[in-house]
Amino acid sequence: MALLLPQRVHSDDRFQTSVSEIMRGTGGAAIVSDPRTGRILAVWNRRVIFQSAFPPGSTAKLVTSAVALENNLIKPDETLNCRRVPPLLGEAYHCSHPDAIEPFTITTALANSCNYFFAALSTRLDAATLQRGFSMFGFGTTPTTEERPVLRISADPAAKARAALGEKPVFGTPAELLMAYSAVATRGTIYRLQRGKSKTPSVLRTVRLKPSTWQTLSEGLEECVRAGTCQAAAVRGIRVAGKTGTGSALDGSGWTHAWFAGYAPADAPEIAIVVFLSRGTGAHDAAPLAGRILRQYFALRETR
Numbered sequence: 028m029a030l031l032l033p034q035r036v037h038s039d040d041r042f043q044t045s046v047s048e049i050m051r052g053t054g055g056a057a058i059v060s061d062p063r064t065g066r067i068l069a070v071w072n073r074r075v076i077f078q079s080a081f082p083p084g085s086t087a088k089l090v091t092s093a094v095a096l097e098n099n100l101i102k103p104d105e106t107l108n109c110r111r112v113p114p115l116l117g118e119a120y121h122c123s124h125p126d127a128i129e130p131f132t133i134t135t136a137l138a139n140s141c142n143y144f145f146a147a148l149s150t151r152l153d154a155a156t157l158q159r160g161f162s163m164f165g166f167g168t169t170p171t172t173e174e175r176p177v178l179r180i181s182a183d184p185a186a187k188a189r190a191a192l193g194e195k196p197v198f199g200t201p202a203e204l205l206m207a208y209s210a211v212a213t214r215g216t217i218y219r220l221q222r223g224k225s226k227t228p229s230v231l232r233t234v235r236l237k238p239s240t241w242q243t244l245s246e247g248l249e250e251c252v253r254a255g256t257c258q259a260a261a262v263r264g265i266r267v268a269g270k271t272g273t274g275s276a277l278d279g280s281g282w283t284h285a286w287f288a289g290y291a292p293a294d295a296p297e298i299a300i301v302v303f304l305s306r307g308t309g310a311h312d313a314a315p316l317a318g319r320i321l322r323q324y325f326a327l328r329e330t331r
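Read left to right, the sequence shown gives residues 28 to 331 (the working numbering).
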């Protein structure tokens with residue numbers, strides 16, 4: 028499979044210019060597409076977007092949620108009290124969200140990115156099922172010019188918990204993450220990313236989940252922007268769905284990578300977005316940039 032490295036990506040250069048201006052100097056990367064067709068609307072830092080894979084951090088909780096719901100390992104209304112320090116993982120993965128007044132459901136756990144909830148949920152998942160879930164959403168399926176480990180989730184409980192939180196051995200390129208979130212926007216159809224308007228949309232893969240699973244995932248992602256870790260990505264008058272992520276850098280530096288992945292409008296998606304920063308956190312660094320890009324997109328749409 029050949030790598031897609033677009034040179035021109037949007038007929039309206041104003042949006043591409045806006046994305047470039049927002050991302051310039053951040054040391055990061057961004058990609059915006061139409062999830063209904065796979066057409067790329069704007070891209071910044073093509074090499075990172077298509078060729079570099081990183082631990083996706085909490086953006087991967089989307090997949091963990093989907094696998095658990097689809098296999099009836101948790102019900103949408105089932106609750107769990109957060110005890111701050113995740114089982115099996117310790118203080119390094121302590122929850123950073125405010126103290127919860129009420130127990131979390133999977134929807135509110137997604138919105139608040141509760142590590143305790145998803146580490147506990149991982150104890151109900153077997154490694155093979157979780158690994159199939161990541162493969163189903165497209166993680167590790169795109170050839171890259173940079174070497175990356177094979178996606179192989181160990182049955183060791185602590186390793187499985189880290190995978191459920193989007194840490195090593197789970198890796199994804201920003202383009203792969205974009206397509207995974209596009210699947211939620213379209214309720215399962217992932218289109219091949221392509222530049223230009225003239226090409227006929229090409230289905231890359233189909234993710235088959237129960238309607239109730241898609242609904243729960245969508246509600247969690249929208250709640251994340253409305254009242255959770257993604258609030259900085261909100262757009263006035265537009266329902267935005269998304270998820271932040273903070274993944275550990277693998278160079279031993281102690282730094283973290285920052286992610287935001289999402290789509291809008293949540294009720295009729297026409298834009299999917301991923302922002303990646305090599306240094307930072309999802310809520311404080313990636314989400315605000317995503318919000319600026321989303322607001323610019325909808326502002327320009329009104330002038331067309």
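Heads up, the beta-carbon is just placed ideally off N, CA and C, and yes, glycines get one too.
At least 9 Å separates the beta-carbon of G165 from that of R175.
In this chain, the alpha helix (DSSP H) harbouring F77 covers 73-78. By the Cβ test, the region 250-267 is not in contact with the region 224-238, since fewer than three Cβ pairs between them sit closer than 8 Å. Counting C-beta pairs with one atom in each stretch, the region 48-61 and the region 149-158 have fewer than three that are closer than 8 Å, which means they do not touch. Residue pairing by DSSP places V70 opposite I58 in a beta bridge. In this chain, the beta strand (DSSP E) harbouring W286 covers 283-291.
Within the same chain, Q78, S79, A80 come within 8 Å of E173 by CB-CB distance, once the 5 residues on both sides are set aside.
Between G215 and R66, the C-beta spacing is not below 9 Å.
Distances from the CA of L148 to each of A191, D126, Y290 were compared; the closest alpha carbon is that of A191. Rounded to the nearest whole angstrom, the CA to CA distance from V70 to L205 is 12 Å. Secondary structure of G269 (DSSP, three-state): strand. C-alpha of S181 to C-alpha of L327: approximately 47 Å in a straight line. Nearest Cα to R179 within the set H311, G309, F145, K195: K195. If the five residues before and after A276 are omitted, its C-beta is found closer than 7 Å to the C-beta atoms of W282, T283, H284, all from its own chain and listed in chain order. The C-alpha of Y290 is placed about 8 Å away from the C-alpha of E297.
For the 9 Å CB-CB criterion, L248 and A268 form a contact. As computed with DSSP, G274 is found in a beta bridge with H284. Scanning its chain for C-beta atoms nearer than 7 Å, with the 5 sequence neighbours on each side dropped, one finds around R322 the residues V262, in chain order. With fewer than 16 other CB atoms across the displayed protein chains lying within 10 angstroms of its CB, E118 is exposed. According to the DSSP secondary-structure assignment, F81 is paired through a beta bridge with G199. Across the structure, G199 and D126 are spaced so that their CA atoms are roughly 31 Å apart. For L236, the CB contacts under 7 Å within the same chain, skipping 5 residues up- and downstream, are A93, E97, G215 in chain order. Rounded to the nearest angstrom, the gap between the Cα atoms of E246 and V177 is 32 Å. Ranked by how close their Cα comes to the Cα of L244, the residues Q43, T132, L107, T64 have T132 in first place. When DSSP states are grouped into helix, strand and coil, V302 belongs to the strand group.
Looking at the DSSP output, F131 sits in a beta bridge with L107. Under a 10 Å Cβ-count criterion, A317 is classified as buried, with 16 or more other Cβ atoms of the shown protein chains found around its own Cβ. For V234, the secondary structure class from DSSP, reduced to helix, strand or coil, is coil.
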